[in-house]
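Residue numbers (my numbering), protein chains in the order written: chain A, 13 to 210; chain B, 163 to 522.
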């Protein structure tokens with residue numbers, strides 16, 4: 013069974029925020045919510061690195077573990093989704109998530125911890141509503157996976173820094189990339205021995 | 163040190179043998195430290211400092227990223243500039259692990275212990291029966307304050323425990339939709355009534371602070387188990403030592419609940435996730451502690467002792483009850499010339515019991 017993953021190549025990401033824009037456009041995410049963001053470490057210093065981060069669809073998801081109403085579920089593709097009809101906006105998933113993925117309509121301005129229904133990256137896989145329905149789109153955004161497409165952020169990425177898809181395929185692509193990063197394959201003798209496609 | 167060719171045969175040999183063993187031990191310790199240091203005799207002392215500097219900058223870079231180093235992001239959301247942080251996993255393990263497990267056991271064992279106590283001891287009657295004469299124990303403002311805080315406490319305890327244990331206990335019974343609807347209502351009740359409870363708690367602590375200052379006779383109260391271990395009831399003033407313990411638990415743990423509650427309630431104050439994680443744990447631990455104490459409080463005030471509840475309902479208690487449980491306070495009242503009144507003004511509480519003549 014496939015396990016859907018995101019992989020961001022820090023050597024390629026140029027902090028263009030195209031993924032953030034693509035996500036907002038495709039999912040029509042409400043104002044103030046960013047399901048994806050680009051973080052630049054050592055910004056402005058030679059050797060700075062940028063990484064695009066959103067929900068990573070963890071195998072053992074901390075959000076799902078702490079949710080008081082158990083609104084999270086993992087699809088057959090390994091995508092972590094949640095049911096907004098069950099969500100009570102308690103903020104526990106926001107406390108637990110290592111990646112800061114859970115978003116709320118208004119987490120900063122509202123007193124008494126009224127956060128509203130949590131919103132997060134769905135891997136463009138919609139939610140528990142009928143796939144492709146209007147209700148699904150309004151609550152969770154696009155369901156591109158049901159249409160046989162990959163998440164919009166990765167498909168839009170100009171430098172192909174952000175990859176999305178089955179984990180085995182991603183790691184294969186990434187392995188080939190880093191083998192050739194020095195200009196030629198670093199696996200001495202492999203091309204001769206095993207063919208050009210290492 | 164005295165030298166001898168044959169120490170084992172000398173008198174006093176036990177002490178000498180012990181001294182040799184000690185010297186051998188200290189010598190070994192010295193050698194363990196000193197021998198490796200002889201390496202510096204060859205290379206010089208400066209070599210020791212030089213190796214501290216050598217770090218791989220790239221490994222430091224990604225280690226920093228893992229340890230929640232801040233970067234730059236165009237997105238404006240709380241802590242959006244942090245790429246990854248581990249603190250949430252720690253919080254998850256504490257909350258779902260020891261906090262939930264030991265918290266549940268503490269409360270369950272407390273209830274079992276109280277049930278066992280009731281089966282063993284039964285209800286404590288008033289010595290010599292009710293006298294029919296009463297003295298005022300809690301004024302109307304006291305009682306209003308108590309019941310205002312008590313009702314809010316029970317609501318907050320039920321809703322709060324529902325958020326911690328509802329998924330395990332209620333959801334399998336109620337189903338996900340019904341439980342989520344209840345939990346949504348529960349979180350609103352908990353969040354909005356919390357501040358009202360805080361007001362009641364603070365007023366209560368301030369108002370009853372003076373009578374709850376520990377006194378010398380409180381120690382003997384504890385030593386006699388509040389009168390349960392020895393036949394004779396220990397001395398107690400207006401508030402006995404057990405009630406003082408409850409008061410100070412409420413004051414300290416309650417203050418912790420209050421402060422952490424405010425931190426959790428107002429995310430717009432700019433606190434980080436780490437602070438909120440710690441606050442949630444402190445909030446839950448302190449709450450479970452207080453809830454456990456309140457189990458005992460409710461048990462003692464209602465089923466365990468006859469005549470205790472009257473003080474907080476009608477405000478007046480029977481003189482014989484007061485003499486039994488709060489003898490020093492009654493003495494104080496008598497010294498101040500307070501005259502007990504006949505219990506006719508109290509309609510419901512003592513009506514079931516036929517008044518008996520006061521034993522003076």
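All residues carry an ideal CB built from backbone N, CA and C; glycine is no exception. Treat the numbers as computed from the prediction; the structure is a model and nothing was measured.
For residue i: DSSP bridge partner residues
| i | result |
| --- | --- |
| residue 50 of chain A | A:64 |
| residue 115 of chain A | A:131 |
| residue 23 of chain A | The partner list for residue 23 of chain A (beta bridge, DSSP) is empty, contrary to what the question assumes. |
| residue 504 of chain B | B:295 |
| residue 92 of chain A | A:86 |
CB contact below 8 Å: residue i versus chain A
| i | result |
| --- | --- |
| residue 438 of chain B | yes |
| residue 204 of chain B | no |
| residue 424 of chain B | no |
| residue 325 of chain B | yes |
| residue 225 of chain B | no |
| residue 264 of chain B | no |
| residue 427 of chain B | yes |
| residue 446 of chain B | no |
| residue 411 of chain B | no |
C-beta neighbour in chain B for residue i, strict 8 Å
| i | result |
| --- | --- |
| residue 214 of chain A | Nothing about residue 214 of chain A can be reported from this structure: the residues present for chain A run from 13 to 210 only. |
| residue 49 of chain A | yes |
| residue 193 of chain A | no |
| residue 81 of chain A | yes |
| residue 170 of chain A | no |
| residue 70 of chain A | no |
| residue 102 of chain A | yes |
Close-in-space but distant-in-sequence residues of the same chain around residue i (CB under 6 Å, 5 per side omitted)
| i | result |
| --- | --- |
| residue 198 of chain A | 191 |
| residue 182 of chain A | 17, 19 and 175 |
| residue 179 of chain A | 15 and 17 |
| residue 416 of chain B | 363 |
| residue 67 of chain A | 113, 132 and 133 |
Reduced DSSP category for residue i - H, G, I as helix; E, B as strand; rest coil
| i | result |
| --- | --- |
| residue 82 of chain A | coil |
| residue 149 of chain A | helix |
| residue 178 of chain A | strand |
| residue 444 of chain B | helix |
| residue 137 of chain A | strand |
| residue 124 of chain A | coil |
| residue 217 of chain B | coil |
| residue 235 of chain B | strand |
| residue 471 of chain B | helix |
| residue 100 of chain A | coil |
| residue 17 of chain A | strand |
| residue 286 of chain B | strand |
| residue 248 of chain B | coil |
| residue 192 of chain A | coil |
| residue 364 of chain B | helix |
| residue 479 of chain B | strand |
| residue 155 of chain A | strand |
| residue 31 of chain A | helix |
| residue 373 of chain B | helix |
Sequence-distant residues of the same chain with beta carbon closer than 7 Å to residue i, five excluded per side
| i | result |
| --- | --- |
| residue 151 of chain A | 96, 139 and 141 |
| residue 245 of chain B | 227 and 233 |
| residue 328 of chain B | 341 and 345 |
| residue 408 of chain B | 455 and 459 |
Chain B residues whose Cβ lies nearer than 7 Å to that of residue i
| i | result |
| --- | --- |
| residue 109 of chain A | 250 |
Interface partners of residue i on chain A, CB under 8 Å
| i | result |
| --- | --- |
| residue 433 of chain B | Going along chain A, no residue has its Cβ under 8 Å from residue 433 of chain B, so there is no contact; the nearest lies around 11 Å. |
| residue 333 of chain B | 81 and 82 |
Within chain A, the residues that residue i reaches when beta carbons sit closer than 9 Å
| i | result |
| --- | --- |
| residue 242 of chain B | 46, 49, 51 and 112 |
| residue 233 of chain B | 51, 52, 53, 54, 55, 60, 61, 62 and 63 |
Proximal residues of chain B, C-beta to C-beta of residue i below 9 Å
| i | result |
| --- | --- |
| residue 78 of chain A | 250, 253, 254, 257 and 258 |
Neighbourhood of residue i by C-beta distance below 8 Å, restricted to the same chain and skipping five residues each side
| i | result |
| --- | --- |
| residue 286 of chain B | 466, 467 and 468 |
Chain-ordered neighbours of residue i on chain B, where CB pairs are closer than 8 Å
| i | result |
| --- | --- |
| residue 74 of chain A | 250, 251 and 254 |
| residue 29 of chain A | 236 |
| residue 3 of chain A | Residue 3 of chain A is absent from the structure shown; chain A starts at 13 and stops at 210. |
| residue 98 of chain A | 338, 339 and 342 |
| residue 32 of chain A | 236 and 237 |
8 Å Cβ cutoff, residue i in contact with chain E
| i | result |
| --- | --- |
| residue 396 of chain B | Among the protein chains in the structure shown, which are A and B, there is no chain E. |
Chain-ordered neighbours of residue i on chain A, where CB pairs are closer than 7 Å
| i | result |
| --- | --- |
| residue 247 of chain B | 110 |
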